[in-house]
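Below is one structure, written out as structure tokens; comments come after it.
Number of protein chains: 2
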Amino acid sequence: MNIAEIAHAVGVSSATVSRALSGRGSVSPKTRERVLAAARERGYVVSQAASTLASGRNRNVGIVLPFLDRWFFSQVLAGAQQSLMRAGYDVTLYNLEGDGSERREVFETFIPRQRVDAVIAVSLELDDTELQQLKALDKPLVGVGGPIVGAPTLALDDVGAARLVTGHLIALGHTSIAHIGGDEASDVDFHLPTKRRQGFEDALEEIGVHAPLVVDADFTVPGGYRAAKQILGTPDRPTAIFAASDEMAFGAMLAARDLGLEVPRDVSIAGIDDHDMSDFYGLTTIAQFPRSQGALAVDLVLADLEGSAVPTDTDLPFELVVRSSTTRPDTAAR
Amino acid sequence: MNIAEIAHAVGVSSATVSRALSGRGSVSPKTRERVLAAARERGYVVSQAASTLASGRNRNVGIVLPFLDRWFFSQVLAGAQQSLMRAGYDVTLYNLEGDGSERREVFETFIPRQRVDAVIAVSLELDDTELQQLKALDKPLVGVGGPIVGAPTLALDDVGAARLVTGHLIALGHTSIAHIGGDEASDVDFHLPTKRRQGFEDALEEIGVHAPLVVDADFTVPGGYRAAKQILGTPDRPTAIFAASDEMAFGAMLAARDLGLEVPRDVSIAGIDDHDMSDFYGLTTIAQFPRSQGALAVDLVLADLEGSAVPTDTDLPFELVVRSSTTRPDTAAR
DNA sequence: ATGAAAGCGCTAACAA
DNA sequence: TTGTTAGCGCTTTCAT
């Protein structure tokens, strides 16, 4: 089944059918209706390959990410894919987890074979070669969560976010606050542990606290658990913990319990993310709306495809969500 | 840049370049090497659209799933996409979450526009129309986790898996075992809560226990938490709980703790899945390897594309993983 | 082993 | 508004 068949059935030329189906170029309402009806009747759908070859448009956006099974990434992906679908775009998934050879393949072969109109890169630290390869496509490129040199990027103000939660703890009266940060491995990938730590330290500097206790972990629940055990096991344990991610904060909450400490009475705990489970755990955190981030990235990409100007760097919104894991320090008890 | 340019540079015809690059048809090793070198030098990659139009092959598989942000689905997706990438295939993602209109669009427009060579449907209960639409493509179709009428399907023997964990609890000496199952909503989507409950009841029947306590939840941690509170709040609480998923089992473990009960001393808890967090929680469970399921689905799809025979229904492997959440009932204490 | 040439199914410039 | 027609870049048959 092809466009000629529909054209023949309706008694018009294939060009008219093409125009009616794509909405480009003018067709009389009556003809358009007849074409659409004929197509619907026969279950005819335009062949993407032929359309692409002739027009250069793919109606397809590639999304590149380092993991699929972590909360943040699946959220961004879900948000982006939903927006793209509504705009009639397919999404092709490039998952970089696995060894480096696969990563190279993606940049050398998969992306360049002209299947996509644009690329969204999520939390990707690209090396020079990779950057060149993407730039060489000469197609819209948007980064989410990680800075991409020379491309519009959506990113959280990690310093500001960390400063905000830390400020919340300080406002409650805490001065002895520990931080569970990201280890080197996670810093390479996401580049944000350092910034969150910075915001944490900035907020404390303001009240004259220097070099507070910082323990690094790997952004997982077990990692947060281990770090919190270290922190809470010390003789003069802090009255609050700020973890650089909600998952580590969950681990910290579990560790506190296992040590016989009650949250928030004995220790206040806060995180960053507003993970799906945070409400359940009553975790005070910074919400960063990753689904909206995905959707926003799509807006930029589509605007770019239409030739509109696209802002270089956009700071993403975030907000403090106070739940039951933080309270005033129980000074009497100490 | 196109194939003619490479052909000209090497001094052969475009047909030879095509053969050298695709590996179809014979080319002398020497010519092939020169073609590959010329392509590499210039960063030339075959245009997928043109290739597809001429050959009918897309090198692309569509994966349809109901959620992206749940553990099971992201695991299956990650497994499938990795295998496909290794075989040189792209993956196009069709996520059905959201309202029905989007779901209809996927089946009416997105999938039929001939971008994919095959479709993998994960845990989807398709209605007749949708089934017709997929069948009409006349392309390989494989179902994972949910039965698709008339297509090869990979599924866990849910009855057997549930019977196995329950048997483990029985072997430890438990006779008073409660079950956290799936509510109606999850039964429609996954069709597995009923089977898991069946396996649970079968195992108990064998030792003469009829109509045991069953509470339904929604396959989430909070759902499991609430259900377990109900179960453990009764005067003669059971000595063990079998939850139909690990996430619900996590909720049950948290509920037990909040009630002042110790796991496994006061109550044994087991689940099904072997979720990433299960090891951390020490949860006894049934491992079902969703990544391998995704990879296996790809094997079937690729075999089908090559014209090999494909088994209709395949039972997936599963195994009991005993950790620290289950032990013998403490009969002395009661 | 290689080349010539006919499509694959659509879009878009141009003409009417 | 509609039709004619020349590609888009590759694959594949058929020769050689």
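Protein chains in written order, with full-length UniProt numbering: chain A, 1 to 334; chain B, 1 to 334.
Built from N, CA and C at the ideal position, the CB exists for glycine as well.
Residue-level contact by beta carbon fails for serine 14 (chain A) and chain B, as no gap is shorter than 8 Å.
With its beta carbon at least 8 Å from every one in chain B, serine 268 (chain A) lies outside the interface.
In the structure shown, the three-state DSSP call for leucine 192 (chain B) is coil. Using a Cβ distance threshold of 8 Å, valine 35 (chain A) and valine 61 (chain A) do not count as a contacting pair. Under the 10 Å beta carbon count, lysine 195 (chain A) is surrounded by 16 or more other beta carbons and is classified as buried. Proline 112 (chain B) has a beta carbon lying within less than 8 Å of a beta carbon in chain A.
Chain A has a Cβ within less than 8 Å of the Cβ of aspartate 90 (chain B). Of the other Cβ atoms in all chains shown, fewer than 16 fall within 10 Å of the Cβ of glutamate 262 (chain A); this residue is therefore exposed.
Put simply, the backbone Cα of leucine 65 (chain B) is about 12 Å away from that of glycine 294 (chain B). In the three-state reduction of the DSSP assignment, glutamate 33 (chain A) falls in the helix class, which pools H, G and I.
Taken atom to atom, the span from the alpha-carbon of glycine 282 (chain A) to that of serine 101 (chain A) is near 42 Å. Contact between isoleucine 180 (chain A) and threonine 166 (chain A) is absent: CB atoms are separated by about 13 Å, not below the 8 Å threshold. For the pair leucine 93 (chain B) and leucine 93 (chain A), the CB atoms are nearer than the 8 Å cut-off. CA-to-CA, the gap between arginine 24 (chain A) and glutamine 82 (chain A) works out to about 24 Å. Interface with chain B (8 Å Cβ-Cβ cutoff): methionine 85 (chain A) is included. Where tyrosine 89 (chain A) is concerned, there is no enclosing beta strand (DSSP E), because DSSP gives it neither an H nor an E. CA-CA distance, aspartate 274 (chain A) to aspartate 246 (chain A), rounds to 7 Å. Beyond the five residues adjoining it in sequence on each side, glycine 223 (chain B) comes within less than 7 Å, by CB distance, of Ala217, Met248 and Gly251 in the same chain, given in chain order. Within chain A, the C-beta atoms nearer than 7 Å to that of alanine 136 (chain B) come from Gly43, in chain order. Between valine 122 (chain B) and isoleucine 111 (chain B), the gap from beta carbon to beta carbon reaches 8 Å or more.
Sequence-distant partners of threonine 326 (chain A) (beyond 5 residues in either direction) whose C-beta falls short of 8 Å from its own C-beta, in its chain, are His168, Leu169, Leu172, Ala240, Pro264, Ser268, Ile269, Ala270 and Thr284. Taking 8 Å as the CB threshold, aspartate 330 (chain B) stays off the interface with chain A. Looking at the DSSP output, asparagine 2 (chain A) bridges to nothing. Not flagged as an interface residue toward chain A: arginine 24 (chain B), since no C-beta distance is shorter than 8 Å. Taking 8 Å as the CB threshold, arginine 115 (chain B) lines the interface with chain A. Within 7 Å of the CB of methionine 277 (chain B), the CB atoms of chain A belong to Val221, in sequence order along the chain. Using a Cβ-Cβ cut-off of 9 Å, serine 325 (chain A) is close to nothing in chain B; its nearest Cβ partner there is about 14 Å away.
If you ignore the 5 residues before and after alanine 161 (chain A), its C-beta comes within less than 8 Å of the C-beta of Arg196, Gly199, Ile272, Ile286, Gln288 and Phe318, all in its own chain and listed in chain order. Rounded to the nearest angstrom, the Cβ distance from isoleucine 63 (chain B) to alanine 87 (chain B) is 14 Å, too far for a contact under 8 Å.
The residue from B:Val27, B:Ala38, B:Thr16 and B:Ser28 with its alpha-carbon nearest to that of methionine 1 (chain B) is B:Ala38. Contact annotation: in the region 65–78 of chain A, residues whose CB is within less than 9 Å of a CB in chain B are Phe67, Leu68, Asp69, Arg70, Trp71, Phe73, Ser74, Gln75, Leu77 and Ala78. Taking a contact as a CB-CB distance under 8 Å, the pair alanine 228 (chain B) and alanine 256 (chain B) counts as one, their CB atoms being some 6 Å apart. Not one beta carbon of chain A lies nearer than 8 Å to the beta carbon of glutamine 293 (chain B).
Taking each of A:Ala243, A:Thr220, A:Leu259 and A:Ser28 in turn and checking the Cα distance to proline 235 (chain A), the smallest one comes out for A:Leu259. As a beta-bridge residue in DSSP terms, valine 321 (chain B) pairs with B:Thr285. Counting only runs of 3+ residues, the beta strand (DSSP E) found wholly inside the region 165–224 of chain A occupies 177–182 and 214–217, in chain order.
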